[in-house]
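What follows is a short report on a single structure.
There are 2 protein chains.
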Amino acid sequence: MNDRVHLKDLKLPQELATLSIPQCEQLCREIRKIIISTVLKNGGHLSSSLGTVELTVAIHRVFRSPADKIVWDVGHQSYTHKLLTGRLKDFSKLRKEDGISGFCRPDESEHDAFISGHSSTAISAAFGMAEAMRLDGDRHHAIAVIGDGAFTGGLAYEGLNNAGKSSDNIIVILNHNDMSISKNVGAFAKYLTSIRRNSAYLDVKKKTEKILENMPIIGEPVKKFIKTSKSALKSVLYHSTMFEDMGFVYLGPIDGHNIAELEEALRAAKKLRHPVFVHVNTVKGRGYSPAEINPGEFHAISAGGYNAESFNNISFSNVFGKKLAEFADNDRNICAITAAMKYGTGLQNFAVKHGERFFDVGIAESHAVTFAAGLAKQGKLPVFAVYSSFLQRSYDQLIHDVAIDGSHIVLGIDRAGFVGEDGETHQGLFDVPMLITVPNTVIYSPSTYSELEMCLDCALYHTNGIAAVRYPKGTENITIEAENVDSYLLTGNGGKRLAISYGRIVHNLYTAAGDCDVLKLVKIFPVDEEVLDICMDYSEIYFFEEGIKTGGAAETLLAELYEKGYRGKFVIKAVDGFVKQAPVESCMKKYGFDKDSMCELLGTNRSEMIET
Amino acid sequence: MNDRVHLKDLKLPQELATLSIPQCEQLCREIRKIIISTVLKNGGHLSSSLGTVELTVAIHRVFRSPADKIVWDVGHQSYTHKLLTGRLKDFSKLRKEDGISGFCRPDESEHDAFISGHSSTAISAAFGMAEAMRLDGDRHHAIAVIGDGAFTGGLAYEGLNNAGKSSDNIIVILNHNDMSISKNVGAFAKYLTSIRRNSAYLDVKKKTEKILENMPIIGEPVKKFIKTSKSALKSVLYHSTMFEDMGFVYLGPIDGHNIAELEEALRAAKKLRHPVFVHVNTVKGRGYSPAEINPGEFHAISAGGYNAESFNNISFSNVFGKKLAEFADNDRNICAITAAMKYGTGLQNFAVKHGERFFDVGIAESHAVTFAAGLAKQGKLPVFAVYSSFLQRSYDQLIHDVAIDGSHIVLGIDRAGFVGEDGETHQGLFDVPMLITVPNTVIYSPSTYSELEMCLDCALYHTNGIAAVRYPKGTENITIEAENVDSYLLTGNGGKRLAISYGRIVHNLYTAAGDCDVLKLVKIFPVDEEVLDICMDYSEIYFFEEGIKTGGAAETLLAELYEKGYRGKFVIKAVDGFVKQAPVESCMKKYGFDKDSMCELLGTNRSEMIET
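Protein sequence lines, in the order shown, are assigned to chains A and B. Just so it is clear: in the first sequence, position 344 is 344 by the working numbering, and no numbers are missing. For the working numbering, add 1000 to where a residue sits in the second sequence, where the first one is 1.
Structure (structure tokens):
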């Protein structure tokens, strides 16, 4: 019964339930070893995954995936889940091209109940599943596992508000580690921490026993019991929590690293035919001391084992953050906003120098934009630094709260273009076609650090409405740059063939252009009359766009040129559909943005290429 | 002191503060009369505005707009505010072309602190203003007035979560009428109602006195007092509410029709230098008995005094709802979802027939889509009926939670195109360019009822991924229709000139086309090869699009045709920028979609026109 067990010898997840607690603990140690060594090699989310090892084991002992649906919010804490559901063999290919994803992917395993990557979606998705089960008379459970950081997102609350009123088979497990990516913020976080510290909640065993004692038969009588004795339950067993106010039975806080305690709570949750909220305390980075001591540093790790987000190596993000802080030295109106990405967006410097004007709003991109609009109405100059793919959550706020009224806000759009190993959910390919539809918006796409600085200046002081500056993850790769961000750099000999692009892929274009002239756009939308006039002089145009084709900058430029009478060749090379995880270079090749593909399209000979 | 006063004789809002309570009450009666007579004539939001008459008067007596910022959530309850801030004279032109807006518009008055129209934005915007004030050392207040319905939207919660942790000059006033547009839903609504009914909260006078007794000086000592005695305050004066858990001082519930009581609470809120949450109970429709008895019916009223949303006259919405309910008779997997728009989207029939499968999620469009994705993962066929402009809130959820995983959901996009009197915030002009960027999406745009039925069939059973069916407000205006929604109807004599359009404006096109052939698109994106081939046969193409031009269907079609070698004339007539309130016919004229403008563009003679 207490024999040593190994992941590879077990039929998982079924056989988990047959193990003793010591065997489970031993398995957890093995799992932690695998996660640590893999993530230090491949990169990935270390702290979150180390925090949920015991919780995941307990969930798979109590519930039967895939009949029971486990929905991991964000998904970056699901590595243990992956190891327990058939992906041990391929785990060394975590986040690799053609390997397994760093998030949950239903097309990867039937045990990944829902796609994940963006935050705060799990309750809504699990509730949809739970309601479908109710309609089908299916008595299994839908279980949302969601961190306290994700609770700063309004979607989590919308889900809770709907799920709490139902009398259904939904269980929400709060993975409470007091962190989102940076230190968690907001009133709700404070509130959770106040519960976390409340020892009166701790003796889950006694509490669940007491609940179950009073429930001779499961089903209707239980529901009735809960209904009639709710206030009694509340006042005797617990004091009221917000989650009970929202209609859930609250169990917790549970020690998230004690398998026996976790199981007891989960079994109780399973028996209650009512929405249940299980509050689990975990330690982010548990079992790997550098990550326990500084979980923020080890939130997302790049391949090779260092954390790209926090180190002070030069990158577009850090250049942006540093320059913004400099502008703010001389302009007291500048305010910086981040949605839980202080380090990721390079704002740590600003936060230190201008703490009063630095706002980390939590994972709440919609709020960030409306909040910025409020600041702008009072004469402030708000700058929201955000990853391209997360800005998708602010589309309505940009249109409704900013653009209609013509307020001036600046967007620092980070991770624009391919992001590499994070895959489909995180690609920054939609911001351009999205923003092109928003009136009163200007989009800059610098390809060097000094262009980025010029664009930021322009966005702050020489643009009205929404001024977006977008830049990729990582470092600059060329130094050929426009002197005037407003709006382009034309290089070449005045031939009849023109290659157009923007952002970092201009680098490859310079090396591939041969006898083609190259037009590097810095202001990519709207395009100035001058740029249109330049294009009109050519009879062949090739537009390379590291973004979604339909509705993108190239299509819109074509429409403008067409109106002016352009009838020459116009070839668009852009992205169609979703882009799977792979190194950025590999994505470049796949979508035709590498030197060779460009040469082929342009019909230029590799020998003609200029090296930059 | 108690002489009769009249709105027109007062210098407002300043002189409000000099009036006695009876004078205020008299003024409220006058205001109600004006609102009722105007709305019955011009259309507008009656119930909401009647519910906030006393509250608005009290706010303007206690605070000094525009130095104090009053942010009305949604804005449809701001008619009294408009009458008190210089718009009495123009009030007869409420919602008229060139008249005053039915929502708040900063370009209309300095007293309209923030744009409104969409729900749940007020707390975020007001908090932005409050933080700007803090940075500027400005001791005025930012006051968000928000209904309980708007609290079902996650953005309100994101705002609350941020505002509650600040030590700032923000006041949130909950206008609690137990209704959103239809009956309010969700756990939070239940919770609010439980507080509303709690008589222990009612004696506000005693409570505020007790608070103030203990606060000799306002400022730091007060903050300290609140901090140290928070639990005492809680347990003695109130019991804990969720809002206190979120960091606010809670005052309420207050009788929202008692000016003296309201003032007292607002003065207390003003003195506290801390985030304050004031819970006000109001009666929607107060003072107009038909609206009090049935506030849902009188939520939005069309010009002429009847409620277009609830009557059973035939409209696209009702045809959609009825047909969907019919499909659901034979298909137990069909589920219908609305975001607080059961009547508006014509789902009332479905709700009655298939109540178990009908989900009103509250004003929570983001959740609606992710919830739909959850249902779809379990084999259900979810249909989310939503107004075009509100779907903008689901952009990320459509991409991330639905499209990447290839789940099949159906969108019934109502109010597509110009909406008329609701103006900029409500125009349905962005859904096409927005959805065109989302991979795995098909967009149908029927122009007749039977096409709508065919499209719905197609979307449910013959399309994968996201299938959107979009249709305008109101009734069909033509009966010339495609037999096969997949995908067009070509009429004409095989000339060289082709006019293309979709949706309702095809009606005008038929009458204006003259010798032009007409291609009516039903599936507008992606366009079939067959349609491209048809276009290639023409040398002049005119595309009329009742939607945003940049990134719209016309530009994308042009790009496709260009790739196939089309070099003929291609003229796009679409919408640029935001469209102000005006009758739909007037918008049509302004943007070139009326018969005359079309004739002019096409160079067709009016005498050539076919009458349909």
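Ideal placement from N, C-alpha and C gives every residue a C-beta, glycine not left out.
- In chain A, no part has a C-beta under 9 Å from the C-beta of His1408/B; the shortest such distance is about 13 Å.
- Counting only residues of its own chain and dropping the five nearest sequence neighbours on each side, Leu1398/B has a CB closer than 7 Å to the CB of Val1369, Val1438, Ile1466.
- Contacts between Ala373/A and chain B, judged by CB atoms closer than 7 Å, involve Ala1125, Gly1128 in chain order.
- For chain B, none of the residues of the stretch 24 to 45 of chain A brings a beta carbon within less than 8 Å of one of its beta carbons.
- Residues of chain A with a Cβ closer than 7 Å to the Cβ of Pro1433/B are, in chain order, Thr437, Gly551.
- Counting only unbroken stretches of 3 or more residues, the beta strand (DSSP E) elements lying wholly within the stretch 538 to 577 of chain A are 540 to 548, 569 to 575, in sequence order.
- As summarised for the stretch 1240 to 1268 of chain B, the continuous alpha helix (DSSP H) elements at least 4 residues long and confined to that stretch are 1242 to 1245, given in chain order.
- Residue Glu1131/B holds the alpha-carbon nearest to the alpha-carbon of Asn333/A among Asn1294/B, Glu1483/B, Glu1131/B, Tyr1444/B.
- Proximity of the stretch 45 to 57 of chain A to the stretch 115 to 126 of chain A falls short of the contact definition, fewer than three beta-carbon pairs being nearer than 8 Å.
- One thing to note: Phe1127/B has its Cβ within 8 Å of the Cβ of Ala1163/B.
- Restricting attention to alpha helix (DSSP H) runs no shorter than 4 residues, the stretch 1385 to 1410 of chain B encloses them at 1388 to 1391, ordered along the chain.
- Straight through space, the alpha carbons of Val57/A and Leu1135/B are spaced by roughly 49 Å.
- When the alpha-carbon of Val1280/B is set against those of Ile1259/B, Ala1403/B, Glu1015/B, the nearest one is in Ile1259/B.
- Between the alpha carbons of His400/A and Phe1578/B lies a distance of about 10 Å.
- Around the beta carbon of Gln1014/B, fewer than 16 other beta carbons lie within 10 angstroms, which makes this residue exposed.
- His6/A is classed as exposed because its beta carbon has fewer than 16 other beta carbons within 10 Å across all chains shown.
- Under the three-state reduction of DSSP output, Tyr1191/B falls in the helix class.
- The beta strand (DSSP E) runs lying completely inside the stretch 1082 to 1147 of chain B and spanning 3 residues or more are 1142 to 1147, given in chain order.
- Under the three-state reduction of DSSP output, Ile1505/B falls in the helix class.
- When 8 Å is used as the limit between beta carbons, Glu1108/B is near no residue of chain A, the shortest such separation being about 11 Å.
- Under a criterion of Cβ atoms nearer than 8 Å, no residue of chain A is adjacent to Leu1601/B; the nearest Cβ is some 14 Å distant.
- In the three-state DSSP reduction, Thr1038/B falls in the helix class (H, G or I).
- Collapsing the DSSP output to three states places Tyr157/A in a helix.
- With respect to the 8 Å criterion, His1060/B and Leu1084/B are classified as neighbours on the basis of their beta carbons.
- Think of a sphere of 8 Å around the beta carbon of Lys496/A: no beta carbon from chain B falls inside it, the nearest being about 17 Å out.
- Taking the C-beta atoms as reference points, Val522/A is found nearer than 8 Å to Pro446/A.
- Within the DSSP secondary-structure output, Thr441/A pairs in a beta bridge with Ile466/A.
- Look at Ala1499/B here: in three-state DSSP terms it is strand.
- Contact annotation: in the stretch 1237 to 1269 of chain B, residues whose CB is within less than 9 Å of a CB in chain A are His1239, Ser1240, Thr1241, Met1242, Asp1245, Met1246, Gly1247, Phe1248.
- In the DSSP assignment, Ala1328/B falls outside any beta strand (DSSP E) and within the unbroken alpha helix (DSSP H) covering 1316 to 1330.
- Between the beta-carbon of Tyr387/A and that of Met341/A there is about 7 Å, and that keeps the pair under the 8 Å contact cut.
- Gly1428/B is bridged by DSSP to Gly1417/B.
- Excluding sequence positions up to five before and after Leu160/A, its CB lies within less than 6 Å of the CB of Ile123, Met246, all in the same chain and listed in chain order.
- In terms of Cα proximity to Val1145/B, the closest of Lys1322/B, Lys1589/B, Ala1125/B, Glu1158/B is Ala1125/B.
- A distance of 8 Å or more separates the beta carbons of Thr441/A and Ile478/A.
- Gly503/A counts as buried, since no fewer than 16 other beta carbons sit within 10 angstroms of its beta carbon.
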